[in-house]
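Number of protein chains: 2
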Amino acid sequence: MSRANFEQDSFDVASHGCGPAAPESDFEKKSTRKQVFEHVRGHGSVARSDIARALSISPGAVTGIAAELISAGLIHEIEDPKRETLVRGRPRVALAVVADRFHVIGIHLANERHSAILTDSIGTVLAETALNAHAPKRPFAELIDEIDLLIADLLKVSGMTMAQISTIGVGLAGLIDHMTGTVSWSPLLAEADVKLADVISDHTGTPVFIDNDANIVTLAELWFGGGRTKSNYAVMTVEHGVGMGLVLNNRLFRGARGMGLELGHTKVQIGGALCRCGQRGCLEAYLADYALIKEAVSALDLPMLGTEKTTIEQLAAASNSGDEAAQAIFDNAAKYLVLGLANIVQLFDPDLIILSGQRMRHSIPKDVDLRRKVDGLTLNTSTCEIVAHSWDGLVWARGASALALTAATDFFTRESRQ
Amino acid sequence: MSRANFEQDSFDVASHGCGPAAPESDFEKKSTRKQVFEHVRGHGSVARSDIARALSISPGAVTGIAAELISAGLIHEIEDPKRETLVRGRPRVALAVVADRFHVIGIHLANERHSAILTDSIGTVLAETALNAHAPKRPFAELIDEIDLLIADLLKVSGMTMAQISTIGVGLAGLIDHMTGTVSWSPLLAEADVKLADVISDHTGTPVFIDNDANIVTLAELWFGGGRTKSNYAVMTVEHGVGMGLVLNNRLFRGARGMGLELGHTKVQIGGALCRCGQRGCLEAYLADYALIKEAVSALDLPMLGTEKTTIEQLAAASNSGDEAAQAIFDNAAKYLVLGLANIVQLFDPDLIILSGQRMRHSIPKDVDLRRKVDGLTLNTSTCEIVAHSWDGLVWARGASALALTAATDFFTRESRQ
DNA sequence: CAAAATAAATTTACCCATTAAAGTAAATAT
DNA sequence: ATATTTACTTTAATGGGTAAATTTATTTTG
């Protein structure tokens, strides 16, 4: 333990310098070309003059870059739908991303049901599929077989070939290192430390990018949902487990070393309830579906027949029809939901928290009530909006496709330069 | 194969686009000039060729930029202390920051004792001073008087005038918005929402930058301490309250909107102990000095005579000499310390956590034990180093001076360009 | 000791993304 | 028809950089 007083620590500034010794890293200064492409994609259709204004670059530069992107087949001129004929001057020419320039696949692997979509360059879903999964833990070879089935179905429905797919995005629960494409641990996999991205990539011959399920929900919000217009927001997911995702400055934040944001396993009670991770007092152990079911099974004698999802629905139904035990279970979970939200506010101070998960549909307090309760547990002066968003089952695949689209965009906007 | 109600959420991608709608912001792409200056400062003395290699820019560029910085009086050539005469070739010419190019003042305002230092451009302390403070809450006009005394003393000792001071950095406890220079709330101030930076700046005629005490300790580590060589680390402070600071990518992270990282007020127990913030279950209420003293006063009949600091020292002495009640108090606090550390690891996944605070000197478990206990509460595969660092009382002023140095650097490296 | 080797720093010519400003195009208003 | 307005394009200039030749200062070698 470095127990030292200041004198010892105050090294010779003159010879060793002061201030951060490591450079602030290469913030991969995004090329203007990529900025233009992303602006067009982010707005559907925009005129060159708008791009120049929005990105603070000269109209001349936009002309040049647009020409490059057009010749690379990435964007094209379209009839401007927003055309106002009451305005004089040369009419604006809208630019839009070429929808079928490339295609990607997004896959979500889950305990009970996998899902996958195939989209074009602008995110239009061309095919979707799903596959019931039962094995709780399987060797990765089996998971590859399941992925094969999903991909084969998508290709069949869309009439495409694997060669036409530029990238694949995969989301799954567990401890995932997005940068290295490694699954350190997952409830789906029998093995630990599987280089899943490489494995799938070698198998399919297409670049593969993986991330955990909380991050892909967050990406889904960033690309297609309510997060598109917010710069800083958090997503809290309550499903089988409890997860969170964070967007800072319009960019997914993955923690310092890519393994952070494990909200579900932050401790909210010393020596508290036992979590499936083996530790005690995790937020998840009070809030996640599996925790509620555990309580329900013992308190209500609910038969554990159906899937987790249907059991939760049964419990919600019981609660709504006045069952006090069921209500108590949900009430308690709601307390911990508020606690989780409050901790997110205290630590990250986002503009917005998006609550995601099937359960958000029926069993949480009303929005306004939730906000009031969270305010009662935080001392922030800035206010944070809280909304619940219950997507359908495709969110996950949607988010995974965003992962793939990001990578494909990187590739093609680099590619198009000579 | 399910075609669910995705349609609801899937807006018309073709007309509204997909992907983040807001641009990823101007990552104030740091000018090469500033990068060079900061590299020189961060390394004490470096040759031009080293700068070129370190920053991946051409030697020619370094020559030009160095010439500009030299003519602006910011850096100069010095006799290279690292000169190896056994190497042939033209000898390297070391560059170093000109120590007396500008001067800054760093001030820490605290409950019991203010402190302040005056440093030169390379952070050498030219004068230090302190002032006992007693009023728990005072109107800001009184605080200005106290600041005046501190500054007057620094100027007298160093023989400088206010006109020679480029910037002033101020750190104090409370909810501080660094960007706007506003103190939303502070235990030192009677008023809320004081634009303290502006007030002091108007009063002194010098630009003033403020931040909360956890952030300035973190800056002290980044500029002068163990954080200099780490890119991602957290600092947890346990003093009167509990705070934390976070450095991501060699840069102080202040939360999405500048008010986050309130670790002390994250909830760790529903309906738990009452915190001074008025809410229940805050980490602080189990771990901070004031919380321990509250327990000590009722359990040990400790007379609450001296300062908080001396009371804690009495308690530690009692614990060390076998007093079971005192030991129980520290043991319980240690549990919550571990919990706080575990939650930091789960959420931020830093390389390193630096524990800061007087108490770290005597009353926490040994390092190795602490690490083991934190590991027992986290599921991360990556390991996070944990060290305790008990600076002397100047840390705070040191960190405040780093705040001032950052601002002065910004100013002068911009200034120097024609 | 002169010449060769080596390394640091500088100079030079060039590159390239971008801008400013002039020029062109296509519409509406008068 | 002509003026006006706005969108887009073209052009020359610029500024921040690079690559490579050159100069400088030193050590090693014959």
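Chains V and G are the protein sequences, given in the same order.
Residue numbering for the first sequence follows our numbering, beginning at 7 and increasing consecutively.
Residue numbering for the second sequence follows our numbering, beginning at 7 and increasing consecutively.
Using N, Cα and C, we set each Cβ at its ideal position, and we do this for glycine too.
- Contact with chain G is found for A262 (chain V), since one of that chain's Cβ atoms lies less than 9 Å from the residue's Cβ.
- Around the CB of S172 (chain G), 16 or more other CB atoms lie within 10 Å, so the residue is classed as buried.
- Excluding residues up to 5 positions away in sequence, Y239, A240, V241, M242, L347, I350, V351, C390, E391, I392, V393 lie with their Cβ nearer than 8 Å to the Cβ of I359 (chain V) in the same chain.
- Within the region 227-254 of chain G, the residues whose Cβ lies closer than 9 Å to any Cβ of chain V are, in chain order, L228, W229, F230, G231, G232, G233, R234, T235, K236, S237, N238, Y239, A240, M250, L252, V253, L254.
- Between T173 (chain V) and chain G, the shortest Cβ-Cβ separation is not below 9 Å.
- As a beta-bridge residue in DSSP terms, H82 (chain V) pairs with V:A102.
- A residue is called buried when at least 16 other Cβ atoms come within 10 angstroms of its Cβ; H140 (chain G) does not meet this threshold and is exposed.
- Non-local C-beta neighbours of S325 (chain G) in its own chain, meaning closer than 8 Å and more than five positions away in sequence, comprise A332, Q333, I335, F336, S369, ordered along the chain.
- According to DSSP, residue pairing for D217 (chain V) in a beta bridge involves V:G177.
- Contact with chain V is found for E268 (chain G), since one of that chain's Cβ atoms lies less than 9 Å from the residue's Cβ.
- Counting only residues of its own chain and dropping the five nearest sequence neighbours on each side, E301 (chain G) has a CB closer than 7 Å to the CB of I335.
- The continuous alpha helix (DSSP H) containing R54 (chain V) extends over residues 54-61.
- Comparing alpha-carbon positions, the option among V:L181, V:G95, V:E85, V:F108 lying closest to T212 (chain V) turns out to be V:F108.
- Think of a sphere of 7 Å around the beta carbon of L345 (chain V): the chain G residues whose beta carbon falls inside it are K273, I276, in chain order.
- Where H114 (chain V) is concerned, the enclosing beta strand (DSSP E) starts and stops at 109-115.
- Contact between L194 (chain V) and L149 (chain V) holds: their C-beta atoms lie close to 7 Å from each other, under 8 Å.
- Per DSSP, the beta bridge partners of I392 (chain V) are V:I359.
- For the region 374-391 of chain V, residues whose beta-carbon sits nearer than 8 Å to a beta-carbon of chain G comprise G382, L383, T384, L385, N386, T387, S388.
- Taking the Cα positions, G312 (chain V) is about 14 Å away from A322 (chain V).
- V42 (chain V) and V68 (chain V) do touch by the CB rule: their CB atoms are close to 7 Å apart, below 8 Å.
- Unbroken alpha helix (DSSP H) stretches of 4 residues or longer found wholly inside the region 275-317 of chain G: 290-293, 295-306, given in chain order.
- Between the beta-carbon of I216 (chain G) and that of H184 (chain G) there is about 7 Å, and that keeps the pair under the 8 Å contact cut.
- Of the residues V:K201, V:D357, V:D126, the one whose Cα lies closest to the Cα of G165 (chain V) is V:D126.
- For the options G:L101, G:T210, G:A28, the alpha carbon positioned closest to that of G50 (chain G) is the one of G:L101.
- Chain G has a Cβ within less than 9 Å of the Cβ of A408 (chain V).
- R59 (chain V) sits exposed, since fewer than 16 C-beta atoms from the chains shown fall within 10 Å of its C-beta.
- Taken through DSSP and simplified to helix, strand or coil, M185 (chain V) comes out as coil.
- By the criterion of at least three beta-carbon pairs nearer than 8 Å, the region 250-268 of chain V is in contact with the region 375-389 of chain G.
- For E330 (chain G), no pairing in a beta bridge is given by DSSP.
- Residue pairing by DSSP places T167 (chain V) in no beta bridge whatsoever.
- As DSSP reads the structure, H22 (chain V) sits in no beta bridge.
- Minimum Cα-Cα distance from A414 (chain G) among the listed residues G:K315, G:V214, G:I153 corresponds to G:V214.
- Chain G places a beta carbon closer than 9 Å to that of D357 (chain V), counting this residue as a contact.
- Going by DSSP, D126 (chain V) is part of no alpha helix (DSSP H) but of the beta strand (DSSP E) stretching over 119-126.
- Around the beta-carbon of T167 (chain G), fewer than 16 other beta-carbon atoms lie within 10 Å, marking it exposed.
- In this chain, the beta strand (DSSP E) harbouring V248 (chain V) covers 248-254.
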